[in-house]
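Each residue of the sequence shown is one higher than the one before, counting from 1 in UniProt numbering. The C-beta atom is built at its ideal place from N, Cα and C for all residues, glycine as well. First comes the structure, then the notes that go with it.
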Amino acid sequence: MQLKSIEIIGFKSFADKTLIKFPGGMTGIVGPNGSGKSNIAESIRWVMGEQSAKNLRGSRMPDVIFSGSADRRSLGMASVTLTLDNSDHFIKSPFDELKLSRKLFRNGDSSYYLNEKQCRLKDITDLFMDTGIGQGSLSIISQGNVEQIFNSKPEERRSIIENVAGVYKYKQHKNTAQKEIDETSDNLNRVEDIISELQSRMAPLEEQSSLATDYLDQKKRLDQFEKQQLILATQKLIAAGQQLKHTVSEKSDLVNKIYAQVRRDENDRDKLKANLTQNRAQIDQINEQILTATEQIQSLKSKHQLSAQEKSFKDADLNRISEQIKLTDKQIDDFQVKLTQSVDAGKRLSEKIAAKQADFDKLAEAQKANSVSVIESEIDQLRNQYVDLLQQKTDIKNQITMKTHDEAQLEQQLGSQRQRINKVREDLGQTQAELANKQTALASSQSELTDVSKQLADLTQLMNTHQQAVDSSQANWLAALKIAEQAKAKAESLKNLHDSYRGFYRGVANLLKRKNQLTGILGPVSDYLTIDQRYVKAIETALGSQAQHVIVEDNRAASSAIGLLTKERLGRVTLLPISTIKSRWLSSTIVHESQEVLGFIGVAADLVSMPDNLNQIKGFLLGTTIIADTLDHAINISKQINQRTRIVTLDGQVVNAGGSLTGGASRHDNQGVLVQKSELAALNQSTAQMDQKLTENERRLQHAKDELAKITASHERGQRKAFEIRQQTATLEDQCHSLEEAVQEKQREFKTLQLALKNAAQSDGTTDTDQLVNRQDAIDKQLRAVNDDLDNKRVQLANVKQSAQKFTTEKQQVREAIVVEQQKLNQLEVDQTGIKKQIATHRQNRDRLIKQRDHLKAELSRQVDAGTLNEQIKTAEASQHALNLTQNKLKATVGEAQDHLDQLNQKIQDEQINLNNAKYELTSAQTAAAKNHQNLDTNFATLETTYQIDQHDLANPDWNWDEKQVASQIKMLRTGIDEIGPVNIGAIQEFKEVSKRFEFLTSQKQDLLDAKDHLTATMRDMDDTITTKFATAFKQVSQAFSKVFVDMFGGGEAKLVLTDPDDMLDTGIEIMVKPPGKNYRNLNLLSGGEKALTAITMLFAIIKVRPVPFCILDEAEAALDPFNADRFAKYLKRFGDETQFVVITHRKETMIYADQLYGVTMQESGVSKVVTVNLDNLKTEVS
């Protein structure tokens, strides 16, 4: 493996993109101080994963980004790409070439890339692990590294040997194993704690389970006897129901009989009343008829006296009106004649005016058509057109002259250019055909490589995913176990607090602890409330200390409790007797007004629930409190209802009745009994979910392991296939690249020739000569036509000017004649209007007179003569006498009917009393039957739902148990159940689950112990491996160091010594040197040159033991004298076949041995540039 190139952009002083290639052998990089040459070595160190800004001569990592100069702005990113030739696969990777890239942005964002694919820093460090060229190795040496070797402690120097030994990965694995052991120990402790806790629970749970089982057995027998008791009671109800049915039937028949007789008598009474009413109506009708006849007689006598007088008056009025109508008709005829004459005269005047107006319009149109200004404008346009045409004709003449001169010269050039284009086109076609064949083969190979790479990437991703799943499943189980136990511990703590009544007032706690000594004590209000989590804070605030009020059954229980508290001085308690507490609720008006305001949630009592028998307690405590979402909305609601009740917000702020506010927060806000109860309920629910999650994680773990094994085998096969295809693709890419360059060169030549030919053709074809001549002839024709138009317009203009005065005079005369005729016409229209009004007035008078005449004639025709009136009077008097006789007869009939009706009413009244008595007896029987039926339905429903017994099954002859014996058994079983006392039915299932969990955790404990033992054994194996490899490497490096020291110093002695040979895992290393002519001495007593040469000796010794692919030396020989510098350079050449050296130096003794030399300069202030140095001149100068 060796360095191929490095690309630097924006790193330190390299502002511009800089590419440095390393061909092999020894590459020298030279330049004056401050030119930035050491930045090259630091860029290599940086791209290989260096994380210390201090090692890069900075205070923080963004300092490596180009910070600007006097002429340049700073950059926002630094990027370095290092290309390595890995064809020998020195680094365990399937790729022949490795490209490492690192980017850093000024905001701190950074990224790493491997072969242009983003990766992690760990991927980079793992790539170079134990290769001798990673972090901590001596593959990159500067003067700072030299000082570090001598200034470091012996324990720190052991890393030099560890890099040679290649034990870094073992140490990494050991550290990982130690972390896993620590984590396993923690998990083991946690599992043991849980097992211990489960063991403490199993004994009491087993006892509770046994007690619950005994309770269920007795409860099952009790249910059986209660079923028998219910069947016997139902059979009794069936028998009683049949007897009641017979009684109801008898009473129903009696009621129907009496009711039928009452109906008959009532029908007779109704008929009698109808006849009586009819007779009385006839009497009233006859009375009215008698009255009408009397009035008619009086009226006829009055009409006879007035009729003669009215007839004489009307005859006189009729004659007078007829004369007036005749006079009016004559006047209307006279006015109509005058109107007709006037209308005819108006029509004649209108026709005359219309003719005059037509003459006037003709004169105006003729004058407008012959306007002088229009003709003059047209003449100006024709003149401008004539001048433009003359200009065009001149331009065309000039183009014809120039075109004739250029055509001959251009034709010669076009012929030669076409021959060259044909030759280049032929060559280009051949090269493109060859390139197409290679590209087809390359595309096929790349496609296959893409498919294989995609499959390999998918498999890698799947393998990583499944490996992570294996690790994650184990970690998830342990993490979930830890969280679950923490939640359970917290829940247990809260339960203990609740059971010990901590958080309750002293009096409440003491009473609840002693409630078994009393009867009728139910418990605190908080125990019976069920609250949505959203409203816990609000309800806690609304209740305040009332949450600790104790609910009791009645006043007797309350008195007993207060007596106990008083006697033993246990504190004070507020008691709520169920039998006496009354609910308090807001009026519907207040609730309705509150609902109209934004933020209203509800009445507090409606937002919680309590057992049905405690609803009056709920209303008493919370029925007059409103819950709102925020304080602002609560204030608005309070204003809306005139501060008539208290309002509490969700976060516990209060607007009191009357308008005062209570609010704020304290450290103890979340320690109320309701909050603790809510938190305990939430924890109990979450622990159940966590237990399910633990079981699911165990199932996933085994499944992930099976899948991982399958995918790993497929991944290895894919890697082998990808390596083969990648080699084939690289060969085709090189061939295609060469052909593409050839095609591009031919295409550039072809395009150049085509462009020249096109330009020549365009210059030849811009304007055809024949077209120019034709355009010239056309313009000549246009010039002649325009000239003729000008002559015509000039003659027309003279004629128009002459006739314009004549038109003006004639128009004035016509206008004056129209005005005179129009005045006459207007006067006629005024006269006609007056005549029409006169005619209308007379017609109205005539119509009025005709109506009066017709009215009088009608009245005269309606008058009756005197003889007729006398006959009518006699007839009316006879009718009046007959009506009086009929009326007397009807009055006698009505008197007899009234007596009969009174007797019938008394009879019906007696019968109604008998009917009501019969109905009462029937209703009593029906009520008893309905109650019996209801009880039967209830029993039938219970038998069917509880015992699956149909009502038809009750006829079973075997169900004839002894009722007293059944009752005795029920009493005995209930006594036995009472003696058992409260039981925990859930203890049966809980005991099974705890037992199962105990077995599972015991198994897990053993697995963790086995894993811990395995990790401990693995660490011992790694310690043995590290010890062996370190001892071997130390021996080899020590021997090589002693030998190379003699070569580098020309004598003397040197050795490496272990500070603690018995502890090869932690021993330090001392460097003992004895320069020629001197004794062994401390390293700090050596000169700078001796220190540098000793460090270089150590480097060469390491390379001799374990050759590295490349080594970067940044002025490592700066402190050496010329003689030792030359010896240093010669020694580099000795290792040149196995190690590639990049030497940053300003020593000519080193430069002369370089195979390739680059110079770093700052032609622009603050910006480094790389140039190639002429080695021949340098060698001449040195020699």
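Across which residues does DSSP place Thr875 in a beta bridge pair?
Looking up residue 875 in the sequence shown gives position 875. The partner list for Thr875 (beta bridge, DSSP) is empty, contrary to what the question assumes.
My assumption, with CB atoms under 8 Å, is that Tyr1158 sits in contact with Val1170. Please give the rounded CB distance.
Within the sequence shown, residue 1158 is the residue found at index 1158, counting from 1. Within the sequence shown, residue 1170 is the residue found at index 1170, counting from 1. About 5 Å separates the two Cβ atoms, so the contact holds.
Quick one: is Thr580 buried, meaning 16 or more other Cβ sit within 10 Å of its Cβ, or exposed?
Taking the first residue of the sequence shown as position 1, residue 580 is located at position 580. Exposed, by the Cβ-count rule.
Which residue marks the beginning of the alpha helix (DSSP H) containing Ser588, and which one marks its end?
Counted from its first residue, the sequence shown places residue 588 at position 588. Note, Ser588: alpha helix (DSSP H), 588-595.
Helix, strand or coil for Ser35, going by three-state DSSP, please let me know.
Position 35 of the sequence shown holds residue 35. Coil at Ser35, not helix or strand.
Who are the near neighbours of Ile195 in its chain, counting only those whose CB is closer than 6 Å to its CB and skipping five residues on each side?
Here residue 195 corresponds to residue number 195 of the sequence shown, with the count starting at 1. Same-chain partners within the cutoff: Leu1001.
Out of curiosity, what's the CA-to-CA distance linking Lys326 and Gln838?
Along the sequence shown, read from residue 1 onward, the residue named residue 326 stands at position 326. Along the sequence shown, read from residue 1 onward, the residue named residue 838 stands at position 838. Lys326 and Gln838: Cα-Cα distance of roughly 17 Å.
Can you list the alpha helix (DSSP H) stretches of 4 or more residues lying completely in the stretch 1130-1172, in chain order?
Correct list: 1148-1151.
Using the beta-carbon count (16 or more within 10 Å), is His549 buried or exposed?
Along the sequence shown, one-based indexing puts residue 549 at 549. Its Cβ being crowded by 16 or more others within 10 Å, His549 is buried.
Within 10 angstroms of its Cβ, does Glu896 collect 16 or more other Cβ (buried), or is it exposed?
Within the sequence shown, the letter at position 896 stands for residue 896. Exposed.
With a threshold of 16 other CB atoms inside 10 Å of the CB of Leu19, please say whether the residue is buried or exposed.
For the purposes of this step, residue 19 is identified with residue 19 of the sequence shown, where counting begins at 1. The residue is exposed, with fewer than 16 neighbouring Cβ atoms inside 10 Å.
Counting along the chain, where does the alpha helix (DSSP H) carrying Pro94 start and finish?
Position 94 of the sequence shown, counted from the start, is the residue given in the question as residue 94. Note, Pro94: premise wrong, no alpha helix (DSSP H); not H, not E.
Hey, could you find the ends of the alpha helix (DSSP H) Pro154 is sitting in?
Counted from its first residue, the sequence shown places residue 154 at position 154. Element bounds for Pro154: 154-165.
Excluding the five sequence neighbours on either side, which residues of its own chain have a C-beta within less than 7 Å of the C-beta of Ser1003, listed in chain order?
Here residue 1003 is taken as the residue at index 1003 of the sequence shown, counted from 1. Nothing listed; no residue qualifies.
Can you give me the start and stop residues for the alpha helix (DSSP H) that Glu993 sits inside?
What you label residue 993 is simply residue 993 of the sequence shown in a count that begins at 1. Unbroken alpha helix (DSSP H) run through Glu993: 986-1049.
Checking 7 Å against the spacing of the C-beta atoms, do Ala484 and Met690 come in under that value?
Stepping through the sequence shown from its first residue, residue 484 is reached at position 484. Stepping through the sequence shown from its first residue, residue 690 is reached at position 690. Their beta carbons are under 7 Å apart, which means Ala484 touches Met690 by this criterion.
State the DSSP-derived secondary structure class of Ser52, mapped to helix, strand or coil.
The residue labelled residue 52 in the question sits at position 52 within the sequence shown. It is coil, neither helix nor strand.
Measure the alpha-carbon distance for Phe14 versus Gly31 and round it to whole angstroms.
In the sequence shown, the residue the question calls residue 14 occupies position 14. In the sequence shown, the residue the question calls residue 31 occupies position 31. One C-alpha to the other measures close to 14 Å.
DSSP three-state call for Thr927: helix, strand or coil?
Within the sequence shown, the letter at position 927 stands for residue 927. Helix, per DSSP.
Going by DSSP, what residues sit across from Ala840 in a beta bridge?
For the purposes of this step, residue 840 is taken as the residue at position 840 of the sequence shown. In DSSP, Ala840 forms no bridge with anything.
Going straight from the alpha carbon of Val1143 to that of Glu740, what length do you get?
For this step, residue 1143 is matched to residue 1143 along the sequence shown. For this step, residue 740 is matched to residue 740 along the sequence shown. Their backbone Cα atoms lie some 37 Å apart in a straight line.
Taking just the CA atoms, how far does Ala538 sit from Thr649?
As a working mapping, residue 649 is identified with position 649 in the sequence shown. As a working mapping, residue 538 is identified with position 538 in the sequence shown. Their Cα atoms are separated by approximately 6 Å.
Rounded to whole angstroms, how far is the Cβ of Leu943 from the Cβ of Arg269, which I believe are closer than 8 Å?
Working through the sequence shown from its first residue, we reach residue 943 at position 943. Working through the sequence shown from its first residue, we reach residue 269 at position 269. Their Cβ separation, rounded to whole angstroms, is 55 Å, which puts Leu943 and Arg269 out of contact at 8 Å.
Can you have a look at Gly520 and say buried or exposed, based on whether 16 or more other CB atoms are within 10 angstroms of its CB?
Reading the sequence shown from its first residue, position 520 is the one you call residue 520. Buried, because 16 or more other Cβ atoms sit within 10 Å of the Cβ of Gly520.
Under DSSP, the alpha helix (DSSP H) around Leu598 begins and ends at which residues?
Position 598 of the sequence shown, counting from 1, holds the residue named residue 598. No alpha helix (DSSP H) holds Leu598; DSSP gives it neither H nor E.
From Gln235, Gln744, Thr1025, Asp71, pick the residue whose C-alpha is nearest to that of His952; which is it?
Here residue 952 refers to the residue found at position 952 of the sequence shown. Of the listed residues, the one whose Cα sits closest to His952 is Gln235.
Check the DSSP bridge columns for Leu575 and list the partner residues they point to.
Position 575 of the sequence shown holds residue 575. For Leu575, which the question treats as bridged, DSSP gives the partners Val550.
Going straight from the alpha carbon of Gly1050 to that of Pro1076, what length do you get?
To locate residue 1050, count along the sequence shown from 1; it is residue 1050. To locate residue 1076, count along the sequence shown from 1; it is residue 1076. Those two C-alpha atoms are separated by around 7 Å.
Could you tell me how far apart the beta carbons of Cys736 and Gln446 are, in whole angstroms, since I believe they sit closer than 8 Å?
Translated into the one-based positions of the sequence shown, residue 736 becomes position 736. Translated into the one-based positions of the sequence shown, residue 446 becomes position 446. Actually they do not touch by this definition, with Cβ atoms about 10 Å apart.
Give me whichever residues DSSP pairs with Asp284 in a beta bridge.
Indexing the sequence shown from 1 puts residue 284 at position 284. Answer is none; Asp284 lacks a bridge partner.
So for Glu226, helix, strand or coil by DSSP?
One-based indexing of the sequence shown puts residue 226 at position 226. Glu226 falls in the helix class under three-state DSSP.
Go ahead and label Ala1033 buried or exposed: buried means 16 or more other beta carbons lie within 10 angstroms of its beta carbon, across all protein chains shown.
Locating residue 1033 in the sequence shown gives position 1033, where the first residue counts as 1. Label assigned to Ala1033: buried.
Suppose you measure from the CA of Asn55 to the CA of Lys37; what does that come to, to the nearest Å?
For the purposes of this step, residue 55 is taken as the residue at position 55 of the sequence shown. For the purposes of this step, residue 37 is taken as the residue at position 37 of the sequence shown. C-alpha separation (whole angstroms): 16 Å.
Could you please give the first and the last residue of the uninterrupted beta strand (DSSP E) stretch that includes Phe1110?
Stepping through the sequence shown from its first residue, residue 1110 is reached at position 1110. Unbroken beta strand (DSSP E) run through Phe1110: 1110-1114.
Which ranges would you report for the beta strand (DSSP E) in the stretch 176-260 if only whole runs of at least 3 residues count?
Counting only runs of 3 or more, we get nothing.
Kindly list the residues whose CB is nearer than 7 Å to the CB of Arg1127, restricted to its own chain and excluding five residues on each side of it in sequence; keep chain order.
Locating residue 1127 in the sequence shown gives position 1127, counting from the first residue. Around Arg1127: Met1048.
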